[in-house]
Amino acid sequence: MRGFRVGDEVLGFTHRRAGHAQYVLVDDVHLVSRPAGLPWEVAGALYVAGTTAYAGVFAVDPGPEDTVVVSGAAGGVGSLAVQLARLRGATVIGLASEPHHAWLEKHGVLPVTCGPGTAERIREASGGRVDAFIDTIGEGYVALAVELGVRPARINTIRDGKAATEIGAPTYGEGAAASAVVLGEPARLAARCRPEVPIARTHPPEAVQEAFRALERRHTHGKIVLRP
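Each residue of the sequence shown is one higher than the one before, starting from 1 at the first, in the UniProt record's numbering.
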């Protein structure tokens with residue numbers, strides 16, 4: 001193994017679908033050292049959500065002059081995407097239900113309630129200009145971004161490939177960012193709580209069924225983690 005010694009603390013990923021395993025064989029090129037101060041719950045939850053959010057923000061390339069809308073802004077991917085976009089200096093509008101608005105405001109995000117009338121509420125919050133749109137939900141948000149006047153090149157979706165193909169929008173997600181180099185960046189940021197990685201709850205492996213029931217209810221804010 002190159003670059004690591006027995007006993008090193010690492011995080012990484014594998015394509016072998018071993019998320020519930022106690023021991024996993026991982027290629028060394030898929031590993032990065034765990035930054036000091038990064039909790040294990042966050043390290044374990046960071047790969048899919050962290051790299052997907054990183055890829056989405058990279059795709060639309062927001063800057064200090066931009067206003068970015070993120071759908072599913074309180075979810076596992078969206079909650080990271082809004083923070084990463086804020087770190088780039090962008091004005092960020094987060095679409096979420098009202099119980100999550102306080103968390104978004106705490107992180108410098110303008111919350112907008114999703115549902116009927118969303119387009120008008122976004123226009124009001126943005127002053128009429130939206131430069132980029134990161135969609136983590138699907139369900140018509142690509143069409144909404146077009147309605148708001150966002151150029152297809154600055155609309156990224158991880159859930160609606162058909163709509164993206166029709167207008168030529170990117171679909172950058174975890175697959176586009178599957179590298180230890182990319183994983184290392186959100187890991188270093190998360191170790192400084194920038195971004196904060198919300199952990200909704202942790203479960204021991206023997207409670208995996210309850211973890212999946214909680215996931216199916218889709219009412220959690222943040223990641224659900226199995227930890228021995």
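The beta carbon of each residue, even a glycine, is placed where N, CA and C say it ideally should be.
> Considering only the beta carbon of each residue, do ARG159 and ILE137 sit closer than 8 Å?
Replying inline: yes
>> Quick check on this structure: which residue in ARG154, GLY184 and ALA187 has the alpha carbon closest to the alpha carbon of THR171?
In response: Closest option to THR171, judged by alpha-carbon separation, among ARG154, GLY184 and ALA187: ARG154.
>> With DSSP as the reference, identify every bridge partner of PHE212, one or two as the case may be.
In response: Paired residues: none, contrary to the question.
> Residues in its own chain within less than 7 Å of GLY3 by CB, not counting five upstream and five downstream?
Replying inline: Shown here for GLY3: same chain residues with a beta carbon closer than 7 Å to its own, the five before and five after excluded, namely ASP28 in chain order.
> Could you give the distance in angstroms between the alpha-carbon of GLY184 and the alpha-carbon of GLY75?
Replying inline: 21 Å
> Leaving out five residues before and five after ALA176 in sequence, what residues of the same chain have Cβ atoms less than 7 Å from its Cβ?
Replying inline: ALA55
> So, using beta-carbon positions, are VAL57 and LEU95 closer together than 8 Å?
Replying inline: no
>> Need the endpoints of the beta strand (DSSP E) that GLY12 sits in, please.
In response: 10-12
> Between GLY72 and VAL24, what straight-line distance do the alpha-carbon atoms span, to the nearest angstrom?
Replying inline: 31 Å
> Is the CB-CB distance between LEU87 and ALA119 below 8 Å?
Replying inline: no
>> Let me check one thing: in DSSP terms, what residues is LYS162 bridge-paired to?
In response: Note: LYS162 sits in no beta bridge, so no partner.
>> Assuming SER33 is part of the beta strand (DSSP E), what are its boundary residues?
In response: 31-33
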